[in-house]
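When you number the sequence shown by the working numbering, it's gap-free, plus one each residue, and the end is 151. Reviewing the structure listed below.
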Amino acid sequence: MNTKKITDEKDLQIAFAIRQKVFIEEQEVPEEEEFDEFDTIDAACDQILVYYNEEPVGTGRLRVVDGYGKLERICILIEFRKFGLGKVIIQSLEEIALEKGLTKSKLNAQSYAEGFYEKLGYKRVGEEFMDCGIPHILMKKQFK
8 MNTKKITDEK DLQIAFAIRQ KVFIEEQEVP EEEEFDEFDT IDAACDQILV YYNEEPVGTG
68 RLRVVDGYGK LERICILIEF RKFGLGKVII QSLEEIALEK GLTKSKLNAQ SYAEGFYEKL
128 GYKRVGEEFM DCGIPHILMK KQFK
């Protein structure tokens, strides 16, 4: 299990294919809501791939928003969700945030995953809200 920062169009397309399967096909998020202006190789964000047995099976991205490292578009192909790769993605994105000099991060978690993020140090902030027809909660973490 390792991660790689996306630096070329080929890897970016692999990340898009993973997001297509998870968010659009599996979770029925409309394509026009899944992809945005940050989905280019030179966008103001960092995107990563996570590998299992040298196969890219998950992705995530980090943007700097209001002094936070905002973790977004975190997903893993369904057949690889039992191997601890979600934690690997989060830790890798947090490392990128630290490299940028950030001291805190936030994310909009799908509500069912609140416990997962709590185990990684995130705390719920505010009430549940809907995003793309899926219940979410804002969660934040202060780095030590």
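Even glycine gets a Cβ: it sits at the ideal position worked out from N, Cα and C. None of the values given here were measured: they were computed from a predicted structure.
Nearest-angstrom beta carbon gap, residue j and residue i [assumed within contact, 8 Å]
| i | j | result |
| --- | --- | --- |
| G76 | K126 | About 18 Å separates the two Cβ atoms, so there is no contact after all. |
| R26 | E41 | 6 Å |
Beta-carbon contacts of residue i that lie in its chain and below 7 Å, excluding the five residues immediately before and after
| i | result |
| --- | --- |
| C52 | F45, R68, L69 and R70 |
| A104 | L69, G76 and S112 |
| I13 | L19, A22, Q54, I55 and L56 |
| R131 | E121, I144 and M146 |
Residue i in three-state terms, based on DSSP
| i | result |
| --- | --- |
| Q34 | coil |
| E61 | coil |
| L19 | helix |
| F136 | strand |
| G67 | strand |
| I48 | coil |
Buried or exposed (CB count within 10 angstroms, at least 16 for buried), residue i
| i | result |
| --- | --- |
| P63 | buried |
| F150 | exposed |
| G91 | exposed |
6 Å CB neighbourhood of residue i in its chain, flanking five on each side removed
| i | result |
| --- | --- |
| Y129 | M146 and K148 |
| L109 | G76 |
| P142 | S118 and E135 |
Worksheet item: Does the stretch 120 to 134 come close enough to the stretch 25 to 40 to have 3 or more Cβ pairs within less than 8 Å?
Response: No contact exists between the stretch 120 to 134 and the stretch 25 to 40.
Practice prompt. Report yes or no: do three or more beta-carbon pairs, one from the stretch 56 to 64 and one from the stretch 86 to 96, lie closer than 8 Å?
Written response: In short, these stretches touch, since the Cβ pair count reaches three.
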